[in-house]
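Numbering (the working numbering), first residue to last: 6 to 293. Comments concern the structure below.
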């Protein structure tokens, strides 16, 4: 009987005509003609730092930690980080450095997992699209912060409505009447008569802080729903164009100095987050 032939995508042990480059650091006379090498070990290290630290760490992770139990969330997170996150990250970096190949061609040594490389490219494409939109928001706030008074620090009539307020607005509360009964009273009358509200009886008007209304009405200019696409916000469109231009410039020179550019972008994200947070936290500090 003849030997059974395995399908092509399961022939993991057969020899194929390809080579995996083991060059990691380029010297003066050591240059990869097809794919550039890192200029130095520091460039590679800085690139990994910039790859691992971004908007997700600065914005989303603290929010998810708060929403899922605070410190208790860090226990399963640390376990999964040790068992899955770090090993996969190390495997990805090791394969990339050893083979000097892209996410699709690197799996030629194991054709069964070529679909993993294709999936990585598809996911990276979608992430690049929406991530640049987020970067355009950061650029918008970056340019808007070049003012002596931040525009979202107070309610501006050009974009704020009646519900905009830096402080909570009290509509009324329960006070003790002369007969000893608890009566709901308008707060303006409470202040005029110098009355005292009973604990836990204050009723507040539904308001929005200036930073939230600035984001919704001025930056996004959000429409009423999916049926109304609204108009193109040219400021955001220009910021989105600038974000793609920055990506193009960062990739234009290759990987020789990408580490420094990644770290510069990382600190820019932190700076933009700090600027927008100052106005968001201001009402909480000033509440009476």
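The beta carbon of each residue, even a glycine, is placed where N, CA and C say it ideally should be.
Residue nearest to residue i in terms of C-alpha spacing, selected from the options
i	options	result
residue 246	203, 134, 176	134
residue 108	163, 132, 124, 94	124
residue 223	172, 68, 160	160
residue 98	57, 185, 82, 67	57
residue 2	46, 198, 169	An answer regarding residue 2 cannot be provided, because it is not within the stretch 6 to 293 covered by the chain.
residue 164	150, 217, 172, 257	217
residue 219	243, 166, 184, 244	166
residue 198	186, 211, 182	182
residue 174	155, 210, 256	210
Contacts around residue i, its chain only, beta-carbon distance under 8 angstroms, and the 5 residues preceding and following it disregarded
i	result
residue 178	189, 190, 192, 195, 202, 203, 206, 207, 208
residue 234	228
residue 78	69, 70
residue 81	none
Residues near residue i in its chain [Cβ-Cβ closer than 7 angstroms; skip 5 each side]
i	result
residue 248	137, 140, 141, 144
residue 180	188, 190, 195, 200, 201, 202, 203
residue 33	Bear in mind that the predicted position of residue 33 carries a pLDDT of just 48, short of 50, making it unreliable; the figure below should be weighed with that in mind. Correct list: empty, nothing qualifies.
residue 93	none
Run of the beta strand (DSSP E) containing residue i, from where it starts to where it stops
i	result
residue 175	175-181
Three-state secondary structure assigned by DSSP to residue i
i	result
residue 151	coil
residue 216	helix
residue 45	coil
residue 187	strand
residue 202	coil
residue 160	coil
residue 224	helix
Residue i versus residue j - alpha carbon distance
i	j	result
residue 110	residue 43	20 angstroms
residue 65	residue 86	17 angstroms
residue 112	residue 126	13 angstroms
residue 213	residue 237	25 angstroms
residue 29	residue 242	Confidence in residue 29 is poor, its pLDDT being 46 and thus under 50, which makes the residue's placement too unreliable to answer from.
residue 106	residue 50	19 angstroms
residue 225	residue 162	17 angstroms
residue 84	residue 73	16 angstroms
residue 148	residue 215	18 angstroms
residue 117	residue 100	16 angstroms
residue 88	residue 67	21 angstroms
residue 158	residue 95	44 angstroms
residue 75	residue 185	44 angstroms
residue 48	residue 146	29 angstroms
residue 252	residue 131	15 angstroms
residue 55	residue 62	11 angstroms
Same chain only: Cβ atoms within 6 angstroms of residue i, ignoring 5 sequence neighbours per side
i	result
residue 122	108, 109, 112
C-beta neighbour in chain D for residue i, strict 8 angstroms
i	result
residue 249	Although the question refers to chain D, the structure presented lacks it and comprises just one protein chain.
Closer than 7 angstroms: residue i CB and nearest the ligand FMN heavy atom
i	result
residue 234	With respect to the ligand FMN, the structure shown offers nothing to examine, as it has no ligands at all.
Residue span of the alpha helix (DSSP H) that contains residue i, given as start and end
i	result
residue 249	239-257
residue 115	From DSSP, residue 115 is part of no alpha helix (DSSP H); its letter is neither H nor E.
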